[in-house]
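A.B. asks: Once you've had a glance at the structure underneath, I'll fire off some questions.
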Amino acid sequence: MEQEQIFIELAGAVFEGDEDLVAEWTDKAIAAGLDPLAIINDGLTKGIQQVGDHFAAGDYFLPDLLLGAKAMDAGIKKLEPLLDGTNRVSLGKILMGTVQGDLHEIGKNIVIMMLKTAGFDVFDLGVDVPSEKFIQKAKEYHPDVIGISALLTTTVGRQKEIIELLEEEGLRKKVKVMIGGAPINQAWADKIGADGYAEDASVAVSVAKRLVEVHAG
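Mapping of the sequence shown onto full-length UniProt numbering: residues 1 to 217, in sequence order.
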């Protein structure tokens with residue numbers, strides 16, 4: 001079977017959210033001797049991009065996005081052992097977490113999976129994370145971007161608090177801040193001085209890439 005057809009089948013399996021089929025086609029791609037990075041970029045990523053496009057258009061919903069991300073992850077897991085020996089270049093380091101008082105993690109986890117697949121190194125702080133822990137881990141990890149998720153109107157103020165703490169600790173100019181969550185919008189991002197706002201998981205990767213480029217520049 002030709003390389004291009006394998007990539008098409010892989011992308012289609014991710015788009016359908018079929019973990020078993022993704023695993024099967026990933027095995028076939030590996031057996032055919034295809035480059036692991038090409039399998040990710042030309043197969044798995046194409047599929048999740050299609051999922052993201054349908055999500056943005058309102059044809060797919062959060063469960064569909066989650067199924068696609070989990071299916072893609074099934075392929076990534078098979079490829080990870082092969083990637084250790086490749087010249088994989090990290091796009092940057094991202095620190096992610098959901099603020100204190102908020103236990104929502106599905107959206108954050110989808111974003112993390114998509115960021116990792118795109119080539120970012122992501123450190124996941126989890127949920128219900130105290131603002132001070134974001135600062136502590138930023139000092140340890142030296143990320144290019146901090147992603148702060150809040151899905152409750154009662155917890156969005158924590159995003160502002162974390163940015164203020166970064167200022168107080170002299171870290172604000174050293175890192176970019178990306179925020180997201182159901183109650184969040186661009187106006188709130190502008191108000192609290194965030195560098196980027198990801199409306200949903202489908203755009204988080206492009207926002208992160210832009211922020212890393214700005215940070216490097």
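A virtual CB, placed ideally from N, CA and C, is assigned to each residue, including glycine.
Predicted, not measured: the structure shown is a model, and the values here were computed from it.
Determine the direct distance from the alpha carbon of Val51 to that of Gln5, and round the result to whole angstroms.
C.D. replies: Between Gln5 and Val51, the C-alpha separation is close to 19 Å.
A.B. asks: Please determine, among Ala216, Trp188, Leu115, Gly33, the residue with the shortest C-alpha to C-alpha distance to Asp144.
C.D. replies: Ala216
A.B. asks: Taking just the CA atoms, how far does Met96 sit from Asp200?
C.D. replies: Taking the straight line from one Cα to the other gives about 15 Å.
A.B. asks: Excluding the 5 residues preceding and the 5 following Ala29 in the sequence, name in chain order all residues of the same chain whose CB lies nearer than 6 Å to its CB.
C.D. replies: Counting only Cβ-Cβ distances below 6 Å, and skipping sequence neighbours, we find Ile6, Ile39.
A.B. asks: Please say whether Leu151 and Asp128 have beta carbons closer to each other than 8 Å?
C.D. replies: no
A.B. asks: Helix, strand or coil for Leu83? Go by DSSP, reduced to three states.
C.D. replies: Secondary structure of Leu83 (DSSP, three-state): helix.
A.B. asks: Restricting to Cα atoms, I'd like to know which of Tyr197, Arg158, Lys116 is closest to Ala69.
C.D. replies: Lys116
A.B. asks: With Gly196 and Ser149 assumed to form a contact (beta carbons below 8 Å), what rounded beta-carbon distance in angstroms separates them?
C.D. replies: Contact flag wrong, Cβ pair sits at about 13 Å.
A.B. asks: On the three-state DSSP scale, how would you describe Leu152?
C.D. replies: coil
A.B. asks: Ile163 to Glu9, Cα distance in whole Å?
C.D. replies: 43 Å
A.B. asks: Hey, Met72 and Gly92 are a contact pair by Cβ (cut 8 Å); roughly how many whole angstroms apart?
C.D. replies: So it is not a contact: roughly 20 Å between Cβ atoms.
A.B. asks: Kindly give me the distance between the Cβ atoms of Gln100 and Pro130, rounded to whole angstroms, as I take these residues to be in contact under 8 Å.
C.D. replies: 5 Å
A.B. asks: Using only the alpha-carbon positions, how far apart do Arg158 and Gly170 sit?
C.D. replies: In a straight line, the C-alpha of Arg158 is about 18 Å away from that of Gly170.
A.B. asks: I need the DSSP call for Val89, collapsed to helix, strand or coil.
C.D. replies: coil
A.B. asks: Sort out for me which residues DSSP pairs Phe30 with in a bridge.
C.D. replies: Position check: residue 30 holds Ile in this sequence, whereas Phe was assumed. Beta-bridge pairing links Ile30 to no other residue.
A.B. asks: At the level of alpha carbons, what is the spacing between Met178 and Gly43?
C.D. replies: 28 Å
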